[in-house]
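Quick note: to get the numbering used here, add 515 to the position in the sequence shown (first position is 1). Glycine included, C-beta positions come from ideal geometry on N, C-alpha and C. Inspection log for the structure reproduced underneath, given as structure tokens.
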Amino acid sequence: IGIPLEEYNVEAKGRGYSPAAKRVRVISGEIVRADFELSSSLTFYGEEFVVAAPKPSPKEEVIISKEMIDASQIKDSSVSLFNDLSETLKTMPGVITSGNFSGEMFVRGGTPLETIYVLDQVFIDWPYRWGGMMTMFNTRLIEDVDFYAGGFPAEGGNSLAGVIDVKYKKGDLKKSSGLLEISPTTTELFLNGPIKKEKSSYLFSAKRTYYDFLAKFFTGGKDANVFPYFHDGFFKLYFDLSPAHKLTIFSVYAGEGMDMKIEEDDDPGFSGGRFTYNYQTGILAACYKRILTEKLFIQTTLSDSLDKGKFDLHAPEYIWKEDMKPGDIDLRSDIDWQVAPSHKIRCGTYLSDNKVNFSGSFNYEIIQGTETLIKGTETESYDFKKNARYIGSYVWDRWNLSPRLTADIGLRHESLDLVKDTALTPRLSLKFDISDKTSLKFAYAHNSQFPTNIYWIDEQTGNPNLKSQKGIDYIIGMERKLTDDMRLKVETYYKDLKDLIVEDNRLNYSNKGRGKAYGLEFFLQRKEGKKLDGWISYAWSKSERTRGDDKYLLKNGGEGVADDTERYPTSQDRRHTLSIVGNYKLTPEWRLSGKWQLNTGNPYTPLADVVSYGTPTVIYKPVWGEYNSKRMPRYEALDLKIERLFKRSSVYFQFLNLYNHKNVYDYYYTDDFSQRKESLMFGFMCLGGFELRF
């Protein structure tokens, strides 16, 4: 095109980033490529937050234990039956799940409810679907995810474990497009484009699983079963009203359900029963951004959430019924002020008015006695209709104290009117740059979480005098940029937990629980390149907590664990977890993605003995050994995906658990406890799919 064959100085600039420049020589007959990696700048200009680069180098990110995961990483690593976000997060150091039956995440020894989830500035109380098998987040819509495994800044509150902050894309402001995906489990449709070019846009998606339709052909439709189904929809409208005013409106809807006889192969613990449920959730939110100056803006989000569910479980030894219709109205406002190029302040307030509406009952079997056994039943019912008001406010201050030292100091205050307690939690993060390629980081953070289950604080079933649960994070880490496209991160942490809510034989529940979690983590990542990218993560960890008083065991005549102060391994305590994720561009048209995971087994409580009594009908009562003193076999799985790209379409095949490793989900016993059986996770599966872009 007539460009002289000589050397040029090429400069790349981006809003929120420091500019970068390179010398590039143009050579006849060759395509010359110049790759730039822009560092985020503390100086703020224009409409957006101070932007962090999608794949940061050690010199860019102050917060420790944070990973920024972009859309391409999620697409290539979420190889699974339903392409779920949890499949990517499972490969991060510090994250543990029950296996491929579950999307629930245990972050550094915490339970799933001890991690908070945010979608476009809206807090999500319960992000799981299908009883925890998958999350509500649509991987096709995700722009990026900020994952904090600990030491998170003061804007994250009411959490003892981690923060998962999900940001969805907005529609294209220039041109319209769409995508249709058809796979053996799901059909998805995506549409997006401008409403008014350069000024407003729309994004729409709809998804429906059809396992419930296909399963009928394999089972003959017996017993009039309604097999599990899931569908959801999403839309987002974006309006660039003026250079100083931005408005976003979005809505999420999801529905799921089933009505099935439960066979032993489906759930051995409830074989012979029937489970019926229908659950729906919806969120409507509006976010307004006001840019006051080049260095100061306010972002305010108002959201309304409503859940509705009906559950009915009948099993030989257990009956549970529940109707629920909770709702939230939330208001969140955040202020960003770039005081100087090296100094930034952020503060905000979060108000939540939660309508609690749960009613139900459960009936369970009890076996009392030691030598003479008596079988009976016990029924408990509940009816919670309350309003809960939560107020959280925070401030954090980030200073470049010197060219090498940056401090992030924060303070958060929280209160919940249903409990007689408030929480004031300080946070501190430090980053010291040893060199341009190596940084040391440190975090000291107090965390708290109010009771997450209304059952715990009810006057009849719980203890209204419960306080918030508390924890302190101590984290030290090193991050080094090994090459232009490769980095290594090493972190060690210790988490001290107190005032944990546990069962109490006298008070129903109390704050007498204690715990600790500690570990060492390694994360090696190669960024997206010409051919190969991916990451390797390894963690050695230990998580222990006190049990509390197991009221079920006490009622059944067992020894129970009343006033036991010893710490035991938690149910998801795994000493070693290893994940290897790789993506390889075979040719411009062919791509290969793979994920291999190897974890040591979960702890379980062994059966020590069985007591029996009665003639002719015999009653059997198990005598359990030391709590969580044995380990299940290791978990191991290799998943591969191969994709062929065409101009406006693509075809892919997935091979899950490629070498069919037998992974044990749980153990269960025959009625007389004479045999122990295994509940297994998915074996080898081969799936395919088709994408059409238009």
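The three-state secondary structure of GLN975, taken from DSSP, is coil. Of the candidates TYR1053, LEU981 and ARG995, the residue whose Cα lies closest to the Cα of TYR1024 is LEU981. Residue range 1200-1208 is occupied by the beta strand (DSSP E) that includes GLU1206. DSSP, reduced to helix, strand and coil, places PRO743 within a strand of the structure shown. The beta carbons of ALA1054 and GLY1034 sit closer together than 8 Å.
Within a 10 Å sphere around the beta-carbon of VAL577 sit 16 or more other beta-carbons, which makes this residue buried.
Judged by their CB atoms, LYS1100 and ASP1154 are not nearer to each other than the 8 Å cut-off. Taking 8 Å as the cut-off, the beta carbon of ASP1079 is found closer than this to the beta carbon of ARG1062. Contact between the region 911-931 and the region 939-948 is established, with three or more Cβ pairs separated by less than 8 Å. By the Cβ-count criterion, LEU939 is exposed, with fewer than 16 other Cβ atoms from all chains shown falling within 10 Å of its own Cβ. Taken through DSSP and simplified to helix, strand or coil, ALA676 comes out as coil.
For TRP645, the CB contacts under 7 Å within the same chain, skipping 5 residues up- and downstream, are PRO743, PHE745 and GLU771 in chain order. The continuous beta strand (DSSP E) containing ILE798 extends over residues 788-808. THR808 and GLY875 have their C-alpha atoms some 53 Å from each other.
C-alpha of ILE589 to C-alpha of GLU974: approximately 44 Å in a straight line. Here PRO608 is buried, its C-beta having at least 16 other C-beta atoms within 10 Å. Beyond the five residues adjoining it in sequence on each side, ILE972 comes within less than 7 Å, by CB distance, of LEU933, VAL934, PRO966, ASN978, PRO979 and LEU981 in the same chain, given in chain order. The shortest CA-to-CA distance from TYR1180 to any of TYR1167, SER1194, PHE1168 and ASN1172 is the one to SER1194. In the three-state scheme derived from DSSP, where H, G and I count as helix and E and B as strand, GLU1059 is classed as strand.
Sequence-distant partners of ARG805 (beyond 5 residues in either direction) whose C-beta falls short of 7 Å from its own C-beta, in its chain, are ALA759, HIS760, PHE812 and ILE813. The shortest CA-to-CA distance from GLY671 to any of ALA855, ILE697, THR976 and HIS961 is the one to HIS961.
Runs of beta strand (DSSP E) with 3 or more residues, each lying fully within the region 930-981, are found at 937-948 and 953-964, listed in chain order. Here the region 1113-1125 makes contact with the region 1134-1141; the two share three or more CB pairs at distances below 8 Å.
In this structure the region 707-725 lies against the region 691-698, because at least three pairs of beta carbons, one per stretch, are closer than 8 Å.
Per DSSP, the beta-bridge partners of ARG913 are LYS859 and ASP923. A Cβ-Cβ separation of about 4 Å places MET649 in contact with ASP599 under the 8 Å criterion.
Straight-line measurement puts the Cα of LYS684 at about 31 Å from the Cα of ARG904. One Cα belongs to PRO856, the other to ASN1172, and the distance between them is close to 50 Å. Residue pairing for ASP585: DSSP places it in a beta bridge opposite ASP659. Of the residues LYS1177, THR1130, GLU629 and GLN636, the one whose Cα lies closest to the Cα of LEU888 is THR1130. Going by DSSP, SER601 is part of the alpha helix (DSSP H) stretching over 600-604. In the structure shown, ASP1187 adopts coil according to DSSP, grouped into three states.
In the three-state DSSP reduction, ASP591 falls in the helix class (H, G or I).
In the structure shown, LEU1171 adopts extended strand secondary structure according to DSSP, grouped into three states.
Per DSSP, the continuous beta strand (DSSP E) segment holding TRP1111 begins and ends at 1105-1114. Cβ-Cβ separation between ILE611 and ARG1089: approximately 6 Å, consistent with a contact (criterion under 8 Å).
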